[in-house]
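Visitor:
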Amino acid sequence: SQVSARHAVARELPPFSDKVEEWPLFLATYEETTRICNFSPSENVLRLRQALSGKALRAVQCRLRRAEDLPEAMATLKEMYGRPEFLIDSLLSQIRRTPPPREDRLETLVDFAIAVEEICATVRSHDVDHRFDGPVLRELVDMLPWTIKIDWGRTCLTIPRKTLQEFGSFMRTLKNALLHVVSPVSSTSDKRSARHVNVHTNESQEPEKPRTGTCPCEEGCSSPSECWKFWAMGTSQRWNYTRGNGLCKSCLKPHHGPCRDLKQCGRDGCTAKHHRALHSEQPTPAHKPSAHHHTPPGKAAPAPSEHHGHSSIGAADQKSTYHHYAGTDEVLLRYVPVKLYGRGRCVETLACLDEGSSVSLMDHKLVDELGLTGSTQPLCLSWTGGQTREEPHSVAVDLEVSGMGKEERHTLTSVRTVASLALPAQEVDAHQLANRYDYLRRVPVHPYPLSSPRLLIGIEHYRLSRPLKTIEGAPQEPVATKTRLGWVVSGVCGSGRVGGTKSNLTGHHALLCPCHDVERRIDEAMRGCFVLDPATSSQVLRSKDDEQAIAQLAANTRLVDGRYETGLLWRHSDVKLPSNRSMALRRLDCLEKRMRRDSALREAMNRSMSDYLSKGYIRKLTEAETTTAYPRKWYLPIFPVWNPNKPGKVRVVWDAAAEANGTSLNANLLTGPDLLVPLGVVLQRFREYKIAIAADITEMFHQVKMRATDQHSQRCLWRWDSDQQEPEEYVMTRMTFGAACSPSCAQYIKNINAERFAKSHPRARQAIVEEHYVDDMLSSVEETADALELCRDVEFVHRQGGFQLHNWLSNSHEVRQAVGSAGDQQKLIGSESEIHTQKVLGMWWDTQSDTFRFKIPRQIEALVNTNTTPTKRQVLSTLMTIFDPLGIIAGFLFFLKVLLQDIWRAKTDWDEEIPEELNVKWKQWVQCLPELETVAIPRCYRLKLGISDRKVQLHVFVDAGRDGLAAVAYFRFEAGDHVEVALVCGKTNVAPLKYTSVPRTELQAATVGTRLAKAIVAAHREPIEERFFWSDSRDVLCWINSDHRRYSTFVAQRVSEILESSKPEEWRWVPTQLNVADEGTKWSKLQKHLSTSSWFSGPSFLKMPRVDWPQPPLMGELPAGRISPYARPFTFVGIDFFGPYLVAIGRRSEKRWGALFTCLTTRAIHLEVAHAMTTSACILAIRNF
């Protein structure tokens, strides 16, 4: 039977080097095969010699010479690799290296359960359960997702004692359940063993199958020279194997005819023409490597202990942010020694040639060593797995580089610095390379000691890393490539003696993070602002998404106990959301780190959450709810925001845009239709009448209830104390500030609530629907009594929908007393004379003088006062910080727009100081900035005239220049002999980047003027009797008063739009010096624009009677010949010449001119040929005429 067993059971043992996790299988195989086949000690010694390698072989190789020493050798191996704590630690290390189990990837839970079963089996086989029930069990439980932890906790309530074996049973049950819904084949291990190399695309080719008998180990080696078993044979055995299998003695491959690889052996001076493996002196035998790796000839495989790498590599692993896991072989990375040149300085270092990196990087310390200077440009890098790293102090520099021993220098532009490049250390011994690889003997490789590169050259400088020439050997041997920086040897090598680095961290491409692309997108957005406005259509169609949202609002919105309830606007009816609790927990941890550093923030957030809880905005989930499955369950991270105008007040934002598993709550919601009244319309109506009223709705979004089915899509996590272990789970019962659909839902509910009272309170309904912007109410009436009634009615209607008004403001003392707004006067500008100034929708309203004012924002005060040269980012920030929704100071801001366009044309980077010539213009504009606070525009258009017995005219002035165009509108009120002029609004655009002629830009200004007038007429409730459009361009007036179909598409489209919104008789000519729009387009008028400009008060002639308005100048009298009736054609003639033209006369060419005779009366023409531009030729042409 044992004889039969020997034929059925494999004699060879599985290979074993020093991997502790492989020892149990190796030992079991050894003991079982010995028992079944009754192998003798001598046979087992031979089997161990063939199976052991590396550290395991070195530990017992002297005791494998005699069979008597076998027990001692096995005892040593069992002591080294069979101790249970070593086995458990090895298995735990494997688990730690794998991605943690996740609920959204069930296969990871299966892999984790299998690993736990392996640990339990190991512990059980050694009967040491009690030793690992503590820390090992805790570590394994900590790796589980929260929901699985909860299930384990429930299991612990049903068992007498928590042990590792009980946990194993729990995971086994979970695994068995999961195997019914997921594939039993795990993809994690495949990913973990995959080789990640420094390329982005590759082609997979079918490996060439060796002929039968060409590989002793039969593991698929392409030739015996790569087979570990062939190298383990003696020299005579190799010769016998070569002859017996019909292999060529030179290349060790089967072929017919002469060998193409015929060359001398070369080992120890041998001149015989055979393979080096057949040399009489046997080289040092290599150990048997692990599967899928074969040691090339003449290369000793690295000892297992060497796989831990150098300490510098470990440092790189900790500091580097653009390395990722590769294989386990020793490799030579593409490093080349170079010289770097700065300002008269030179530094020698290593450079890494990385075609997989989209940016070139260098250590920041090199900047000082080379004396380089550059602009600070924050950098964000991304790499494998979506990981990112911020380099806020990165500097972009230019430098020169050359290869060692080369005189030619190459320029590297826009190299970005990082705090620590931290690439793996590597060394190259050129002499050892030449001795080991014959094909590298003549390659002039420049050696270098063990060191790390301080420069990474990416794909943007591919010219330097591109291979000019390539020399390669057999598979799994390094390749030599010639570049412009010198020869580079890279690829797999089998011995640490030639240099190289362990490839645990060989992937190192640095990619610019997508967030780095934000600046480019901002540039593109700015470019979109520098275009000529196209002709527009006033027709607005509602999209299908908006129609779907309206249908959902109508179906889900209802009034319940005096408060409205609605639902989220789902994009699809079958939306199912993945689990995102872990993401929300990470965001909570980040917020708590901030709160640990800022106790005031902790106190403010706890106060806000406690306030929400007491008001019923949030509620704590019950235990049943936490365990119930909801298909749309979603956790919203929260974060605080502050309003600089409301110090001490924190607003909690529910981040519905936070992504998890590639989606977010907002991605599954419709935004809904835009139901807001335009801000400009609200503010213009706010200026119509003398008594103004302002208020806002208290916590508008939170006054609307969320239906129960959608509340679980608004869960949140919160810890009231940093010492609290598990966060509490809450659900938001109201609409959140952060959901994409909240603004549209709030406006819809506000409006339908007002429509309920359209008949009983029509003026209140109008104020709520048409005079609200989001949660702000801005209304105006003519009489105080009407204002008091409106306040009461609007407050009543809002209260019926669950809304509450507060922060009442008015320019009327009587109204303020009636609505109780005395306690609300808290928002001050900063001086006692301005205590009545309030900020209304971004504009400062002085309730005492009833005027609009402007204030220099705090954000730009420091920039202006320091007198420093700004960056492009700071200039744009300054422009966007000054809020001017009506275009009252559009002329002043126009100059900053033009400056920003010039900065964009100069291709200045975002954090680079603007050029000096543009800084001069910046200083001119900044000098005028303090005068901005002196501008005061009356809120009400009329200061003295009443609502009755007055005529209203709208005057729009348009103009354009080289830098851009402007349009500004005024109301002219006339009652008897009294006239008042008020600025309504303005609009400016910069000229497009593509050249456009001034007449065309003037026509575009006229188009903008008609659009502005149309919007003004639609916004105001009082009728406008007459409209006037003023332009100083005769070309524009001519186009408007002629048949526009005769002109080009550009002119025809814009004239057509102008004539749709105005009549030709409404257009008038005005001299340039009286055109107020001209002040907003000329740099030369910047100094007086805010101080003495008529932009704010209107042109002086508008205050005069109509007969004194500018009239177009009359044309001069025509000559008599142009108006002579009944005269024969060509009685009165004009003559002109054109040409010359070449005419063919025989075989030669001569010049001729054309004489053009024009009848002054009928405009008929006659042509004659003139032979020259002389008097005699002219007389001859006249005679011929």
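Under UniProt numbering, the first residue of the sequence shown is numbered 1, with each subsequent residue one higher. By construction, the Cβ of each residue, glycine as well, lies at the ideal position given by its N, Cα and C atoms. It should be emphasised that the depicted structure is a prediction, and the values quoted were computed from it without experimental measurement.
#1: Since Val-956 and Ala-1013 should fall inside the 8 Å C-beta cutoff, what is the C-beta to C-beta distance between them, to a whole number of angstroms?
#2: Taking 8 Å as the threshold (C-beta atoms), are Val-819 and Ile-691 in contact?
#3: Whole angstroms is fine: what's the gap from Thr-212's alpha carbon to Ala-177's?
#4: Quick test of your reading: Val-123 and Leu-164, contact by CB under 8 Å. State the CB separation rounded to the nearest angstrom.
#5: Secondary structure at Arg-466, three-state DSSP: helix, strand or coil?
#6: Could you name each continuous beta strand (DSSP E) segment of 3 residues or more that falls completely within the stretch 634-678, going from the start of the chain to the end?
#7: Enumerate in chain order the residues of its own chain whose CB-to-CB distance from Val-182 is below 8 Å, with the five nearest sequence positions on each side excluded.
#8: Helix, strand or coil for Arg-389 per DSSP?
#9: Within 10 angstroms of its Cβ, does Asn-753 collect 16 or more other Cβ (buried), or is it exposed?
#10: Which whole-angstrom value describes the C-beta separation of Ile-459 and Ser-394, a residue pair presumed to lie in contact below a C-beta threshold of 8 Å?
#11: Measuring alpha carbon to alpha carbon, tell me which residue in Glu-118, Cys-1178, Asp-398 and Arg-972 is nearest Ile-95.
#12: When we look at the beta-carbon of Ser-810 and count the other beta-carbons within 10 Å, is it buried (16 or more) or exposed?
#13: Which value, in whole angstroms, describes the spacing of the CA atoms of Gln-817 and Met-843?
#14: Please report the distance separating the alpha-carbon of Pro-673 from that of Asp-963.
#15: Quick one: which unbroken beta strand (DSSP E) runs of 3-plus residues sit fully inside the stretch 953-1008? Chain order, please.
#16: Tell me His-798's beta-bridge partners as DSSP assigns them.
#17: Measure the beta-carbon distance from Gly-1080 to Val-968 and round it to whole angstroms, keeping in mind my assumption that it falls under 8 Å.
#18: Ordered along the chain, which non-local residues of its own chain (more than five positions away) have a Cβ less than 8 Å from that of Lys-175?
#19: Go ahead and pull the three-state DSSP assignment for Thr-158.
#20: Suppose you measure from the CA of Tyr-81 to the CA of Asn-240; what does that come to, to the nearest Å?
#21: At which residues does the beta strand (DSSP E) containing Leu-412 begin and terminate?
#22: Quick one: grab the DSSP three-state call for Glu-1150.
#23: Kindly give me the distance between the Cβ atoms of Arg-939 and Arg-687, rounded to whole angstroms, as I take these residues to be in contact under 8 Å.
#24: Report the three-state DSSP secondary structure of Leu-335 (helix, strand or coil).
#25: According to the Cβ coordinates, are Pro-1064 and Ile-1040 closer than 8 Å?
#26: Looking at the structure shown, is Asn-807 part of a helix, part of a strand, or coil, going by DSSP?
#27: Starting from Phe-170 and walking both ways along the alpha helix (DSSP H), at which residues does that stretch end?
#28: Is DSSP giving Glu-369 helix, strand or coil here?
#29: Look up Gly-1134 in the DSSP assignment and say whether it is helix, strand or coil.
#30: Tell me whether Ala-272 sits in a helix, a strand or coil according to DSSP, three-state version.
#31: Give the DSSP-derived three-state secondary structure of Pro-304 in the structure shown.
#32: Out of Leu-361, Ile-471, Val-479 and Arg-389, which one is the CA nearest neighbour of Leu-421?
#33: With H, G and I counted as helix, E and B as strand and the rest as coil, what does DSSP make of Glu-208?
#34: Can the beta-carbon of Ser-722 be found closer than 8 Å to that of Glu-592?
#35: Restricting to runs no shorter than 3 residues, where is the beta strand (DSSP E) found entirely within the stretch 545-579?
#36: How many angstroms separate the CA atom of Val-336 from the CA atom of Leu-450?
Guide: A quick look at the data gives this:
#1: Taking 8 Å as the upper bound for CB-CB distance, Val-956 and Ala-1013 are in contact here, some 5 Å apart.
#2: No; because the gap between Cβ atoms is not below 8 Å, this pair is not in contact.
#3: Low confidence applies to Thr-212: its pLDDT is 42, below 50, so where it sits in the model is not reliable, and the reading given next is rough at best. Distance between Thr-212 and Ala-177, taken at the CA atoms: about 46 Å.
#4: Their Cβ separation, rounded to whole angstroms, is 6 Å, which keeps Val-123 and Leu-164 in contact under 8 Å.
#5: Correct three-state label for Arg-466: coil.
#6: As far as the stretch 634-678 is concerned, its whole beta strand (DSSP E) runs of at least 3 residues are 638-642 and 650-654.
#7: The answer, listed in chain order, is Leu-106, Glu-107 and Val-110.
#8: The answer is strand: DSSP assigns Arg-389 an E or B state.
#9: Per the 10 Å Cβ criterion, buried.
#10: Contact between Ile-459 and Ser-394 is absent: CB atoms are separated by about 18 Å, not below the 8 Å threshold.
#11: Looking at the Cα atoms, Glu-118 is the closest of the given residues.
#12: Burial is judged here by how many other beta carbons sit within 10 angstroms of a residue's own beta carbon; Ser-810 has at least 16 and is buried.
#13: So the two alpha carbons sit approximately 24 Å from each other.
#14: One alpha carbon belongs to Pro-673, the other to Asp-963, and they sit about 37 Å apart.
#15: As far as the stretch 953-1008 is concerned, its whole beta strand (DSSP E) runs of at least 3 residues are 964-975 and 978-990.
#16: Beta-bridge analysis with DSSP links His-798 to no other residue.
#17: With a beta-carbon spacing of about 7 Å, Gly-1080 and Val-968 fall inside the 8 Å limit used to define contacts.
#18: Excluding sequence positions up to five before and after Lys-175, its CB lies within less than 8 Å of the CB of Leu-109, Val-110, Ala-113, Ile-114 and Glu-117, all in the same chain and listed in chain order.
#19: Note: Thr-158 maps to coil in three-state DSSP.
#20: Between the alpha carbons of Tyr-81 and Asn-240 lies a distance of about 38 Å.
#21: Where Leu-412 is concerned, the enclosing beta strand (DSSP E) stretches over 410-418.
#22: Per DSSP, reduced to three states, the secondary structure at Glu-1150 is strand.
#23: Right, the Cβ-Cβ distance comes to about 6 Å (below 8 Å), so this counts as a contact.
#24: Here the sequence assigns Tyr to residue 335, which means Leu is not the residue at that position. Looking at Tyr-335 - three-state DSSP - the assignment turns out to be strand.
#25: Contact check for Pro-1064 against Ile-1040 passes: the beta carbons are separated by less than 8 Å.
#26: Three-state result, Asn-807: strand.
#27: Residues 164-178.
#28: In the structure shown, Glu-369 sits in a helix (DSSP, three-state: H, G or I).
#29: Strand at Gly-1134.
#30: Correct three-state label for Ala-272: coil.
#31: Any reading at Pro-304 needs caution, since the residue's pLDDT is 34, under 50, leaving its predicted position unreliable; the model's value is listed next. Note: Pro-304 maps to helix in three-state DSSP.
#32: Closest option to Leu-421, Cα to Cα, is Leu-361.
#33: Here Glu-208 scores only 39 on pLDDT, less than 50, and its place in the model is too uncertain to base an answer on.
#34: Glu-592 sits close to Ser-722, with the two beta carbons spaced by under 8 Å.
#35: Counting whole runs of 3 or more residues, the stretch 545-579 contains the beta strand (DSSP E) stretches 558-560 and 563-566.
#36: Taking the Cα positions, Val-336 is about 12 Å away from Leu-450.
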